[in-house]
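Report on the structure given below.
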Amino acid sequence: MAVSFVLVGLLGDRLKKLEHGGWVAVGFAGAAMVVAVLVVAAEMLHPSHYSDQSFTWLQLPGSPGAFPNGFSLVIGVLVDPISALMLLVVTVVGFLVMLYSIGYMHADRGLPRYYAELSLFLTAMTGLVVSDNLLEFFLFWELVGVCSYFLIGFYYEKPSAASAAKEAFLVTRVGDVLFLLGIFIYFTIDATAGGGLGWAASGFKFVNGSTPFLAGAMGGSSTLQTVAGLMMLAGAAGKSAQFPLHTWLPDAMEGPTTVSALIHAATMVAAGVYLLVVASLFLGFTPDDRLAIVAVGGFTTFFAATMAVVHPDIKRVIAYSTISQLGYMVLAVGAGFAMVGMYHLFTHAFFKALLFLAAGSVIHAVGTQDLFKMGGLRRPMRVTAAAFAIGALSLSGIPPFAGFFSKDDVLSSVYTAAQSHPAYWPFLILAYATVFLTAYYIFRAFFLAFSGDKTRDPTLPHPHEAPWVMRLPLYILSGLAIVAGVFPFVPSFASLLSIGANGNVPPVFGTTDLILSALSVGLGAAGILLAQALWGNGRVYVLAPESALQPVRTILLNRYYMKAGYDELGLRLVYGGSRIADFFERYVIDGTIRGIERLAARLSGTLRQGQTGLVSDYASYVVAGVVGLLILLLFVAPFVLASVGGP
Amino acid sequence: MTELSVASLLFLSATLLAIGLFGILTRRNFILLLIAVEIGMNAAILNFVYFAGFSGTSHGLSGQAIAVVLVGLAATEVAVGLAIVLALNRQRGSINIGDATTLKL
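Line by line, the protein sequences give chains A and B. Under the numbering used here, the first residue of the first sequence carries the number 5, and numbering increases by one thereafter. Under the numbering used here, the first residue of the second sequence carries the number 134, and numbering increases by one thereafter.
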């Protein structure tokens, strides 16, 4: 499809920056968005249409062994319903965040760097979305990872930002390495699968013409396939900050809020979920894999939400909520409803970006991220407060906001899956508990920031409403956060979410159990009411020091000590490893070299003694040599010749 | 004239060579060293003469001729050796080869 080539071309061009470059970046992001909308429109007109253009850049002949028909590496563009949907999310949020940045980042230094990195990120992300094979996917996957690293460390003078960037890079790297191993396992075990000359010979592509390449060929339950599936999960867990690789995401909030909104909420972290969706549609998971995915997703959902409950930093509360919501998506994919995961990804991108941008607007106005210093911001910042409230309601799953539909879908799909897989039940319960926690923590943040009469910290600057470039994205995202949930009710849009055998949009509201929906709405409403009771009207709920909940709060504030544990582990591991390496270097390698050196020195010292300069000594060497030769010739040689049977 | 056995003649040569070698290895006086070299060399010359005598054909003459050439060679060798002795004596004031150790670094 020529359109997508144009898209990639545009994105590549965009890297050449003008001096400030902000508007240039916005312009190109807008162009990309228009193209993405066209792509989506085209996909909607031709349901379930796959379009694949690829170029082979390396082709190797076959050899007996793993790749009997050889293999080729290709780079290509695949436009299918899910990539079109992702493209839409990435470019729309990307464009709005870029626009917002014009206002938000106005006073910062290093703007060309900022816009260049943001543009590079968008390029990489669109590339990832339209990749038509796993290797290309991995390439862009790493590229978005490095952009994330750059942007978290945007304020690199700040030690905490630099270390957060490093942490993000290292933690995701753990997942990436496993992901790469998983790719290799898939490559070897499925080299000849998929008909024709096989998967390897055709470049490990996701699709063959218009049919998924490995549909049916995969999905068995051999151990290697399970392992490969788990590796995919590990990769996704690294990128999407799932337990136990979640520690980097809250720290990633050291970057500019815009970056948090675009990369660490709406798009890049969703790449992990996208990977799982793609893998589940095109590669297939074994039942064991699915259980592991459900477990990781379900546990993370609850685990992250608990940490959000106590955190004082507005951005980190939203960050934990991102981890938690990503957990829902992973849960849905694991339950076998990949497209439900995509649906939640789609709505989440909008309301989470909205929340972040609203939070950014607050931070821009008052200059702090500490919720306990804010308060009473509703009156001076009406638009922001309304936007945050819409985002929060959507996140809490209150109808008719977008989050309600997708979250309800996730819950009901897991419920459906749990009917036949009893092992899923605990995670479904955790997911329901999270609905309550989610509503509570996000409204706690809302009331702390906006309710009351005045700011709690009088030293804060007088708050003011954001400029129009920041308000416009808020308006648009608010609109999307309200209506995005009903998009799938439009049949042609729903076709974007129906791909593969088990991927139909599962029961949207009304067709499943009303009781389930009522339960989730009820839990959400209860959470909001509790938050209102404890924190509403500018109240600050202080936990009594002797309360039994105090130790729980400490553990939560310290993030279950996992980060400290990782630090310790890293320290031990790296120091221990270094010490072994040091020992090896010093004693084994250096020792060997020094030994050889000393041996040579001693030997030459000994031999030197022979060089007396005395003619008679040399003469005696000659005589000894002749005598030795004679002995050799007369006595040894005949004996040797006789023993080898020579003449 | 009684025929001498090959063995006894070779024994003579071997003895001469051994005496020469012993002299070469033990003497420090350059002139004595030269004399020892000559003695050792004579063992080789004698060998040529014996075997020339034993061979019945006219080829034997070539062995005698080589013996004569070798005598000449020995004389030239002594001439060169004595020249070295003179040079050594003039340079170091001694003809003890123990003093001439400049080959050693």
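Where a beta carbon is used, it is the ideal one built from N, C-alpha and C, also for glycine. As the structure is a computational prediction, the values presented were derived from the model and not from experiment.
Practice task
State whether the segment 308-316 of chain A contacts the segment 227-238 of chain A, with contact taken as three or more CB pairs (one from each stretch) at a distance under 8 Å.
Solution key: Short answer: they don't touch.
Exercise for the section: Note the first and the last residue of the continuous alpha helix (DSSP H) segment covering residue 141/B. Expected result: For residue 141/B, the uninterrupted alpha helix (DSSP H) segment begins and ends at 139-159.
Exercise for the section: Identify whether residue 571/A lies in helix, strand or coil by the three-state DSSP scheme. Expected result: Note: residue 571/A maps to helix in three-state DSSP.
Problem - CB contact below 8 Å: residue 215/B versus chain A - result: No, residue 215/B lies away from the interface with chain A (no Cβ there is under 8 Å from its Cβ).
Handout entry: Partner residues on chain A for residue 148/B, Cβ-Cβ distance less than 7 Å
Key = Ordered by position in chain A, no residue passes the 7 Å Cβ test against residue 148/B, which lies about 16 Å from the chain.
Handout entry: Cβ-based burial, residue 526/A [other Cβ within 10 Å; buried from 16]
Key = Residue 526/A sits exposed, since fewer than 16 C-beta atoms from the chains shown fall within 10 Å of its C-beta.
Practice task
Closer than 7 Å by C-beta to residue 461/A: which residues in its own chain qualify, once you throw out the five before and the five after it? Chain order, please.
Solution key: Contacts found: 377.
Handout entry: Buried/exposed call for residue 332/A, threshold 16 Cβ in 10 Å
Key = Residue 332/A should be labelled buried.
Problem - Cα-Cα separation, residue 155/A to residue 172/A - result: Spanning the two alpha carbons is a distance of roughly 11 Å.
Problem - Three-state secondary structure assigned by DSSP to residue 80/A - result: Look at residue 80/A here: in three-state DSSP terms it is strand.
Exercise for the section: Using beta-carbon positions only, say whether residue 449/A and residue 318/A come within less than 8 Å of one another. Expected result: The Cβ atoms of residue 449/A and residue 318/A lie closer than 8 Å to each other.
Handout entry: Under the three-state DSSP convention, the category residue 209/A falls into
Key = Three-state result, residue 209/A: strand.
Handout entry: Interface flag, residue 234/B vs chain A, CB-CB below 8 Å
Key = Yes, contact with chain A.
Practice task
In the DSSP assignment, find the unbroken alpha helix (DSSP H) run with residue 594/A in it and report its ends.
Solution key: Residue range 594-614 is occupied by the alpha helix (DSSP H) that includes residue 594/A.
Handout entry: Rounded C-alpha distance that separates residue 86/A from residue 529/A
Key = The C-alpha of residue 86/A lies about 32 Å from the C-alpha of residue 529/A.
Exercise for the section: Measure the Cβ-Cβ separation of residue 362/A and residue 451/A and say whether it is below 8 Å. Expected result: Taking 8 Å as the cut-off, the Cβ atoms of residue 362/A and residue 451/A do not count as close.
Practice task
Could you check if residue 576/A is buried or exposed, using at least 16 other CB atoms within 10 Å of its CB as the buried criterion?
Solution key: With fewer than 16 other Cβ atoms within 10 Å, it is exposed.
Practice task
Would you check if the distance between the CB atom of residue 321/A and the CB atom of residue 445/A is smaller than 8 Å?
Solution key: Taking 8 Å as the Cβ cut-off, residue 321/A and residue 445/A qualify as a contacting pair.
Practice task
Would you be able to state if there are at least three C-beta pairs under 8 Å between the segment 178-188 of chain A and the segment 156-164 of chain A?
Solution key: The segment 156-164 of chain A is not in contact with the segment 178-188 of chain A.
Exercise for the section: Could you tell me whether the Cβ atoms of residue 80/A and residue 58/A are closer together than 8 Å? Expected result: Their beta carbons are under 8 Å apart, which means residue 80/A touches residue 58/A by this criterion.
Problem - Proximity below 8 Å, CB of residue 229/A to CB of residue 290/A - result: In this structure, residue 290/A lies closer than 8 Å to residue 229/A by Cβ.
Exercise for the section: Taking a Cβ distance cut-off of 7 Å, strictly less, list which residues of the segment 608-623 of chain A are near chain B, in chain order. Expected result: If the cut-off is 7 Å between Cβ atoms, the segment 608-623 of chain A has 615, 616, 617, 618, 619, 620 and 623 near chain B.
Problem - Buried or exposed by the 16-neighbour rule on C-beta atoms within 10 Å, applied to residue 590/A - result: It is exposed - the Cβ of residue 590/A has fewer than 16 other Cβ atoms within 10 Å.
Practice task
Indicate whether at least one CB of chain A lies closer than 8 Å to the CB of residue 228/B.
Solution key: Residue-level contact by beta carbon fails for residue 228/B and chain A, as no gap is shorter than 8 Å.
Handout entry: Proximity of residue 103/A and residue 473/A at Cβ, strictly below 8 Å
Key = Judged by beta-carbon spacing, residue 473/A lies within the 8 Å limit of residue 103/A, meaning their Cβ atoms are closer than that value.
Exercise for the section: Report yes or no: is there a C-beta of chain B within less than 8 Å of the C-beta of residue 578/A? Expected result: Chain B, which has no Cβ nearer than 8 Å to the Cβ of residue 578/A, makes this no.
Exercise for the section: Kindly say whether residue 157/B, judged by its beta-carbon, lies nearer than 8 Å to any beta-carbon of chain A. Expected result: With 8 Å as the cut-off, residue 157/B counts as an interface residue toward chain A.
Handout entry: Cutoff 8 Å; reference residue 316/A; Cβ partners in own chain excluding five residues on either side
Key = Only 374, 375 and 376 meet the Cβ criterion.
Practice task
Alpha carbon to alpha carbon, how far is residue 149/A from residue 414/A? Give it in angstroms, no decimals.
Solution key: Cα-Cα distance, rounded: 27 Å.
Problem - Inter-residue Cα distance where the pair is residue 34/A and residue 477/A - result: Taking the straight line joining both Cα atoms gives about 13 Å.
Exercise for the section: Can you give me, in chain order, the residues of the segment 631-650 of chain A that have a beta carbon less than 7 Å from any beta carbon in chain B? Expected result: So the list is empty, because no residue satisfies the distance condition.
Exercise for the section: Flag this pair as yes or no: are the beta carbons of residue 145/A and residue 124/A separated by less than 8 Å? Expected result: Between residue 145/A and residue 124/A, the C-beta gap is not smaller than 8 Å, which leaves the two residues out of contact.
Practice task
Could you confirm whether any beta carbon from chain D is found closer than 8 Å to the beta carbon of residue 112/A?
Solution key: Protein chains A and B are contained in the structure displayed, whereas chain D is not.
Handout entry: Minimum C-alpha distance to residue 264/A - residue among 169/A, 189/A and 292/A
Key = Of 169/A, 189/A and 292/A, the residue nearest in Cα terms is 169/A.
Handout entry: residue 621/A in three-state terms, based on DSSP
Key = DSSP places residue 621/A within a helical segment (H, G or I) once states are collapsed to three.
Exercise for the section: May I ask which residues mark the beginning and end of the alpha helix (DSSP H) holding residue 305/A? Expected result: Looking at the DSSP string, the run of the alpha helix (DSSP H) that includes residue 305/A is 291-314.
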